[in-house]
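Which chain is which? The protein sequence lines are R and L, in order.
Numbered by our numbering, the letters in the first sequence go through residues 16 to 459 in order.
Numbered by our numbering, the letters in the second sequence go through residues 16 to 459 in order.
There are 2 protein chains.
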Amino acid sequence: MEETQIILSKREIPRQWYNIQADLKSPLAPPLHPATNQPVTMGDMERMFPANMLEQEMGTKRWFDIPEEVLEILALWRPTPLIRARRLEQALGTPAQIWYKYEGVSPSGSHKTNTSVAQAWFNKQAGTKRLATETGAGQWGSALAFGCNVFGLECQVYMVNVSYHQKPYRRSVMHLYGASVVSSPSDRTEFGRRILAEDPDCPGSLGIAISEAIEDTMTHPHTKYALGSVLNHVALHQTVVGLETREQFKRAGVTPDVLLGCAGGGSNFAGFSFPFAAEKIAGERKCRIVAVEPAACPTLTKGEYRYDFGDTAGMTPLMKMHTLGHDFMPPGIHAGGLRYHGMSPLVSALLADGIIEAQAVLQHDVFESAVMFARAEGIIPAPESAHAIRAAISEAIRARNENRPEVIAFCLSGHGFLDLGAYDAYFSGKIENIEHAPAAGTAV
Amino acid sequence: MEETQIILSKREIPRQWYNIQADLKSPLAPPLHPATNQPVTMGDMERMFPANMLEQEMGTKRWFDIPEEVLEILALWRPTPLIRARRLEQALGTPAQIWYKYEGVSPSGSHKTNTSVAQAWFNKQAGTKRLATETGAGQWGSALAFGCNVFGLECQVYMVNVSYHQKPYRRSVMHLYGASVVSSPSDRTEFGRRILAEDPDCPGSLGIAISEAIEDTMTHPHTKYALGSVLNHVALHQTVVGLETREQFKRAGVTPDVLLGCAGGGSNFAGFSFPFAAEKIAGERKCRIVAVEPAACPTLTKGEYRYDFGDTAGMTPLMKMHTLGHDFMPPGIHAGGLRYHGMSPLVSALLADGIIEAQAVLQHDVFESAVMFARAEGIIPAPESAHAIRAAISEAIRARNENRPEVIAFCLSGHGFLDLGAYDAYFSGKIENIEHAPAAGTAV
């Protein structure tokens with residue numbers, strides 16, 4: 016029996032997170048205070064995040080030790096497997112090798128738990144009693160609910176309205192881990208009430224839910240805010256994914272030619288690819304690194320690279336990133352986790368520096384590829400993760416046409432057991448290819 | 016970092032299935048033809064099952080080679096991990112070790128795929144074009160859908176009405192793998208129409224759905240019947256679970272004192288425990304082996320050990336087994352996979368021979384334990400599998416009270432991502448402890 020999975024032992028879980036800020040060609044543009052347009056200080060950030068996480072967000076130290084208590088929890092499911100998709104290769108008749116790093120084995124079913132556990136721990140150490148957050152498809156909300164459950168924090172989740180109704184089982188998971196969940200926009204915040212007054216049926220967006228979670232944080236004692244993507248410390252916590260993958264490829268004696276990850280806020284893409292990007296920056300590795308986004312919310316491929324707010328209400332610091340504009344309302348596609356107007360400033364910088372590429376894929380095509388993958392490999396992917404599958408299949412077909420035995424690797428960031436309603440919609444012909452048409456005059 | 020998971024390599028997937036019929040104290044009582052009350056012949060069975068599987072069902076050969084094509088598919092998720100539940104031990108403050116074999120990593124999320132792939136392959140070899148089956152909670156239906164998808168067979172599933180409506184996402188999984196699914200009782204069979212005429216709202220049962228699948232088989236060309244539990248060849252295919260577990264404990268240098276598995280038809284319990292039971296029969300191992308069933312459907316603890324039909328209509332051969340009577344209608348508990356009036360004849364024989372024990376647990380207690388397990392270990396268990404968790408926690412508490420550092424092992428046969436509606440019911444106080452009260456005059 017050929018070894019089609021590369022498994023590391025518990026002793027091989029990375030002991031440190033990798034901070035790519037140490038190796039960027041030029042320093043990251045600083046976030047700006049929304050009131051003063053001056054770079055935010057650590058003091059400004061402390062109202063939102065615990066002080067012990069700010070160096071991870073704003074510093075250029077290359078390696079951060081992972082606390083022992085965090086490692087113990089990560090060890091419940093890490094290291095995750097690196098798997099060769101042999102049957103998918105055969106179905107495609109490609110000479111390429113297709114490998115995927117599978118993060119769906121975590122408690123909440125996605126990579127998000129890698130950072131939620133860390134964030135809950137640092138907050139616990141700092142005396143935080145309660146975390147407020149937003150969630151799109153619910154992956155992040157369930158992950159934070161689990162992290163808070165482990166370290167005994169309260170957890171308040173604002174869940175984007177359209178997903179709240181599309182994905183009731185994600186709510187169930189959050190409840191199971193002890194969190195409280197409301198549909199966003201909600202009547203629990205000033206901002207939410209204002210939006211509901213204008214549009215009682217507003218489908219919500221990540222930008223709105225972030226605004227509500229921030230307002231909740233500012234108006235409740237002992238409460239901090241937690242974000243599941245976009246920010247630098249989140250990308251940092253996710254690098255365990257790429258560090259393991261790099262070691263696993265070394266173990267397999269295989270060198271990837273192209274690395275693919277889906278990108279909404281950018282966290283799984285960052286975690287998977289940054290350890291490889293670092294070597295590419297240093298001139299020690301040649302490979303393509305591609306962020307894959309929905310054509311309906313094409314932040315990297317059609318957005319502008321400029322300062323913008325992270326939320327809809329304009330309460331966050333301004334960050335330099337690719338953005339479709341903080342008032343952009345993405346269509347209600349079935350990959351709720353990718354419906355975000357902005358992008359991780361680190362991912363944005365790497366795109367601007369030419370270290371990574373970006374491509375946009377269409378929703379119906381994504382589900383077609385997801386079903387092909389599930390039937391070949393058994394695993395039902397989350398619609399978000401399936402964006403990477405779509406791109407991997409396209410690369411494998413290109414390799415077939417060019418008759419090149421390339422090595423294609425992607426991050427399968429989560430399973431789709433809680434997204435089956437979307438597959439039902441696909442099979443009943445209700446999933447359309449939606450493409451974002453930029454407004455006239457928008458620079459693209 | 017302590018090694019809390021024992022992982023085998025692909026090369027260590029068992030190459031043979033173990034047939035406990037070779038080692039029983041006395042031969043299994045033969046199944047009887049429902050019309051003649053004489054032992055059924057291989058010829059009788061061939062209308063239902065492919066000839067190449069009958070030796071597995073009716074023979075006493077100890078080992079059967081696993082076909083290479085079946086191994087290749089099993090290798091998509093096997094070997095499965097054996098995991099030490101350290102955080103659960105700590106939460107209970109027990110000196111006992113708690114280990115679990117996790118079968119939820121398979122495509123359909125449970126152990127059922129171990130046999131569905133094998134059955135689909137043997138049928139394919141025998142020229143079968145289409146398989147008909149029943150499913151309770153949907154675990155078996157999804158597993159067979161996957162098996163049929165892999166080897167290109169059509170798949171028709173009769174899904175017990177109450178689960179059909181409680182678990183829509185299980186239907187989605189079956190559709191995704193290309194199967195056709197109807198609610199049972201259905202209007203597609205004579206038997207189903209008769210029941211619907213009497214009771215249009217009949218919640219259905221496994222016994223009824225089996226009758227429909229058999230009638231479908233008898234009335235369609237190139238169609239065979241597939242069963243996900245109870246029968247000997249199913250138990251045989253599941254022994255990969257216990258064979259791996261035995262090897263993993265050896266690798267860990269640990270000897271289990273008690274082995275626990277939930278039991279509905281008996282297949283995961285059989286697969287997990289038979290390799291250990293074999294050594295117990297041979298006097299080479301001392302350990303308790305316990306089948307755990309719902310108090311609402313207490314086949315082993317309150318049923319009679321006698322010949323009975325496997326289905327409600329009386330179309331199957333009579334099998335000697337523990338039974339609550341083939342017309343028993345189990346209450347609509349949330350562990351649909353355990354709502355079966357009968358039990359694997361092999362499991363029944365081992366109970367009668369004193370090799371294994373049985374115990375019944377209450378539904379509300381089961382969910383309480385499931386939530387405790389999920390919060391400690393991260394994994395959300397299927398309600399069926401949680402019966403074994405409940406029993407494991409009781410054993411761990413007993414070990415604490417007796418201050419004995421015992422080793423407790425159970426089979427976590429599946430995850431509960433598609434059963435979250437049941438958890439919602441639990442949290443909203445709608446899960447009651449239901450106990451079966453045997454009718455007056457029933458021998459128990």
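Cβ atoms here follow ideal geometry from the backbone N, Cα and C, with glycine treated the same way.
It should be emphasised that the depicted structure is a prediction, and the values quoted were computed from it without experimental measurement.
- Under the Cβ criterion of 8 Å, R/W78 is not counted among the residues facing chain L.
- Distance from the Cα of L/T75 is smallest, within the candidate group L/Y33, L/M60, L/T109, L/D272, for L/Y33.
- In the DSSP assignment, R/S41 forms no beta bridge with any residue.
- In this structure, R/P313 keeps its C-beta atom at 8 Å or more from the C-beta atom of R/T254.
- Taking L/A375 as the centre and dropping the five residues before and after it, the same chain places the C-beta of E308, P309, A310, P313, T316 closer than 7 Å to its C-beta, in chain order.
- R/T338: member of the beta strand (DSSP E) spanning 333-338, first to last residue.
- Using a CB distance cut-off of 8 Å, L/K295 does not count as an interface residue toward chain R.
- Against chain L, the beta carbon of R/Q20 has neighbours under 8 Å at K25, listed in chain order.
- Contact between the segment 115-127 of chain R and the segment 419-434 of chain R is established, with three or more Cβ pairs separated by less than 8 Å.
- Distance check between R/E70 and each of R/M63, R/R62, R/F79 places R/F79 closest, using alpha-carbon atoms only.
- The contact set of R/N176 on chain L, defined by CB atoms closer than 7 Å, is empty, because the minimum CB distance reaches about 19 Å.
- For R/F206, the closest of R/F284, R/D326, R/L159 by C-alpha to C-alpha distance is R/D326.
- Excluding sequence positions up to five before and after R/S384, its CB lies within less than 7 Å of the CB of A401, I404, R405, I408, all in the same chain and listed in chain order.
- Shown here, L/W136 sits in a helix according to DSSP, grouped into three states.
- When only Cα atoms are considered, L/A285 and L/K116 end up about 13 Å apart.
- Only F161, N164 from the segment 143-164 of chain R bring a Cβ to less than 9 Å from some Cβ of chain L.
- For L/F442, the residues of chain R that pass the 7 Å Cβ criterion are H190, in the order they occur in the chain.
- Annotation note: the segment 349-436 of chain R contains the following uninterrupted alpha helix (DSSP H) runs of length 4 or greater, listed N- to C-terminal: 360-367, 378-392, 398-416.
- DSSP, reduced to helix, strand and coil, places L/P309 within a strand of the structure shown.
- L/Q134 sits buried, since 16 or more C-beta atoms from the chains shown fall within 10 Å of its C-beta.
- Neighbours of L/P122 in chain R, taken as residues whose beta carbon is under 7 Å from its own, are G393, I394 in chain order.
- With 16 or more other Cβ atoms from the protein chains shown falling within 10 Å of its own Cβ, L/M330 counts as buried.
- With its beta carbon less than 8 Å from one in chain L, R/D439 belongs to the interface.
- Residue state for R/E450 is assigned as coil, using DSSP reduced to three classes.
- Across the structure, L/H235 and L/H341 are spaced so that their CA atoms are roughly 25 Å apart.
- Within chain L, not a single residue places a beta-carbon under 7 Å from that of R/Y115; the smallest gap is close to 12 Å.
- For L/M174, the uninterrupted beta strand (DSSP E) segment begins and ends at 169-175.
- Between the alpha carbons of L/Y355 and L/G153 lies a gap of roughly 14 Å.
- For L/Y184, no beta strand (DSSP E) segment is defined; the enclosing uninterrupted segment is the alpha helix (DSSP H) at 183-191.
- Closer than 8 Å to the CB of L/A403 there is not a single CB belonging to chain R.
- Shown here, L/W155 sits in a helix according to DSSP, grouped into three states.
- Note on geometry: alpha-carbon atoms of R/D202 and L/V177 lie some 36 Å from one another.
- Between R/F161 and the set R/A364, R/L191, R/T150, the nearest pair of CA atoms involves R/L191.
- Among the CB atoms of chain R, none fall inside 8 Å of the CB of L/L377.
- Inter-residue distance for R/E399 and R/G351 is about 8 Å (C-alpha atoms, whole angstroms).
- Residue pairing from DSSP places L/S125 in a beta bridge opposite L/G429.
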